[in-house]
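Notes to accompany the following structure.
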Amino acid sequence: MTKICLLFYVYSVLTKSGNLKIHTGLPHFIMKIMVCIKQVIDSDAEIAVDDASVWPKTDERAEFHINRFDECALEEAVLMKDAHKDISVDVISVGPPRVSDALKRAMGMGCDHAIHIRTDTEGFLSPFVTASWIAAMALKKKYDLILTGMLSEDLMQGQVGPIISERLGLPCAVGIVHERLMLPQKKIYTEREIEGGARQRLEIDLPAVLAIQTGINQPRYPSLSNLLKANRYKIEIIDSASFAHAEPRQEVVATGCPRKTRAGRLLAGSQDEKARELYRILKKKALIL
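Now the structure itself:
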């Protein structure tokens, strides 16, 4: 009886102190997630396009935000982190110095670490180059899951995610509207949106690349305290020149506005006058008898 009491006492002391670890025989899986984000210009910002421009010119006061598809990918990663132990979330972006604002907001949403692949210029960057740089970072840091938005609001090409998967030799699924981690099996269950509103269900081995569709979640608004903490966080900055050369597979040769094919006309006067004028115009164009 004395031996049993003594053993129980030792067990209690060790477990409370954290010095005793019980091994269940089950593998312990610590998961690393990387989320790729892009900073895009606000849709109501003024841009200038002329025949001499290869890329639209923006006002210095123009505001930028995280691409909304990528924001859903961010939220999904943070939800995974909230639901499971031992998950860390890194966020990465490619672009000029202003991109740090987007990375700090992502940190405020709940990411653990931010990586900025810094470029010197504004304007178009080939998706192949962007994906090659990100893939090099992913290979170095050995992520278990890479999330991107399905496409960007500005270019709407949807290329970066699939190119990353090709560069790393990983499985890829796009248009993801639901996911569920299967950590013991090192898999992820996904549902992707296909034609006609149907869903394709997939079980994918990890590591993998997923391109997230909007509507999968409602991205959180980071609290003021979290944003203040994020502003003090030191972002890992990597010069894009430090990567092996990746030949661009695309080049923008010109950017222009669509040609004007029709014009609108405002009718003035009272309601009766407008009605008579409209009738006259339609009659003249033989649109009414």
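The opening position of the sequence shown corresponds to residue -14 in my numbering, with each subsequent residue numbered one higher.
By construction, the Cβ of each residue, glycine as well, lies at the ideal position given by its N, Cα and C atoms.
Quick one: Cα of I273 to Cα of I266, how far? To locate residue 273, count along the sequence shown from 1; it is residue 288. To locate residue 266, count along the sequence shown from 1; it is residue 281. One C-alpha to the other measures close to 10 angstroms.
Residues in its own chain within less than 6 angstroms of I18 by CB, not counting five upstream and five downstream? Along the sequence shown, one-based indexing puts residue 18 at 33. Result list for I18: A62, V74 and L130, in chain order.
Just to confirm, is the Cβ distance from A215 to L132 under 8 angstroms? As a position in the sequence shown, residue 215 is number 230, starting the count at 1. As a position in the sequence shown, residue 132 is number 147, starting the count at 1. No, these two residues do not count as a Cβ contact at 8 angstroms.
According to DSSP, is M135 part of a helix, a strand, or is it coil? Your numbering for residue 135 matches position 150 in the sequence shown. DSSP places M135 in coil when its eight states are reduced to three.
Between the Cα of H98 and those of S85, F109, M167 and E180, spot the shortest distance and give me the residue it belongs to. If you number the sequence shown from 1, residue 98 lands on position 113. Comparing Cα-Cα distances from H98 to each of S85, F109, M167 and E180, the minimum goes to S85.
Return the Cβ separation of I100 and A123 in integer angstroms, given the expectation that the two are a contact with Cβ distance under 8 angstroms. Position 115 of the sequence shown, counting from 1, holds the residue named residue 100. Position 138 of the sequence shown, counting from 1, holds the residue named residue 123. Not quite, the Cβ-Cβ distance comes to about 10 angstroms (not below 8 angstroms), so this is no contact.
What does the alpha-carbon distance come out to for the pair R177 and I197? Here residue 177 corresponds to residue number 192 of the sequence shown, with the count starting at 1. Here residue 197 corresponds to residue number 212 of the sequence shown, with the count starting at 1. Spanning the alpha carbons of R177 and I197 requires a straight line of approximately 9 angstroms.
Alpha-carbon to alpha-carbon, G249 and T255: For the purposes of this step, residue 255 is taken as the residue at position 270 of the sequence shown. For the purposes of this step, residue 249 is taken as the residue at position 264 of the sequence shown. In the sequence as presented, Thr is not what sits at residue 255; that position holds Ser. Rounded to whole angstroms, the separation of the alpha carbons of G249 and S255 is 19 angstroms.
List the endpoints of the continuous beta strand (DSSP E) containing L187. Here residue 187 corresponds to residue number 202 of the sequence shown, with the count starting at 1. In the DSSP annotation of this structure, the continuous segment of the beta strand (DSSP E) that includes L187 starts and ends at R184 to D190.
Rounded Cβ spacing between G80 and Q24 (contact assumed at less than 8 angstroms): Stepping through the sequence shown from its first residue, residue 80 is reached at position 95. Stepping through the sequence shown from its first residue, residue 24 is reached at position 39. Confirmed, Cβ separation roughly 6 angstroms.
So within the segment 96 to 144, which uninterrupted beta strand (DSSP E) runs reach at least 3 residues, ignoring any that extend past its ends? With a minimum length of 3 residues, the continuous beta strand (DSSP E) runs that stay inside the segment 96 to 144 are 98 to 103 and 130 to 134.
Report the rounded CA-to-CA distance for M92 versus T246, giving the unit in angstroms. For this step, residue 92 is matched to residue 107 along the sequence shown. For this step, residue 246 is matched to residue 261 along the sequence shown. Rounded to the nearest whole angstrom, the C-alpha separation of M92 and T246 is 46 angstroms.
Just curious, the beta strand (DSSP E) that Y174 is in, first and last residue? Reading the sequence shown from its first residue, position 189 is the one you call residue 174. DSSP places Y174 inside the beta strand (DSSP E), whose first and last residues are K172 to E178.
Measure the beta-carbon distance from L191 to K219 and round it to whole angstroms, keeping in mind my assumption that it falls under 8 angstroms. What you label residue 191 is simply residue 206 of the sequence shown in a count that begins at 1. What you label residue 219 is simply residue 234 of the sequence shown in a count that begins at 1. Between K219 and L191 the Cβ distance is about 29 angstroms, and since that is not below 8 angstroms, they are no contact.
Considering V63, what are the terminal residues of the alpha helix (DSSP H) in which it resides? Taking the first residue of the sequence shown as 1, we reach residue 63 at position 78. Run containing V63: R53 to A68, per the alpha helix (DSSP H) assignment.
Which of the three DSSP states is assigned to G160 in this structure? Here residue 160 corresponds to residue number 175 of the sequence shown, with the count starting at 1. Three-state DSSP puts G160 in a strand.
Going by the DSSP bridge assignment, what does S210 pair with across the sheet? Locating residue 210 in the sequence shown gives position 225, counting from the first residue. S210 has no beta-bridge partner at all, per DSSP.
Pairwise C-alpha distance: K126 and M135: On the sequence shown, position 150 is the one that residue 135 refers to. On the sequence shown, position 141 is the one that residue 126 refers to. Near 23 angstroms, if we compare the C-alpha coordinates of K126 and M135.
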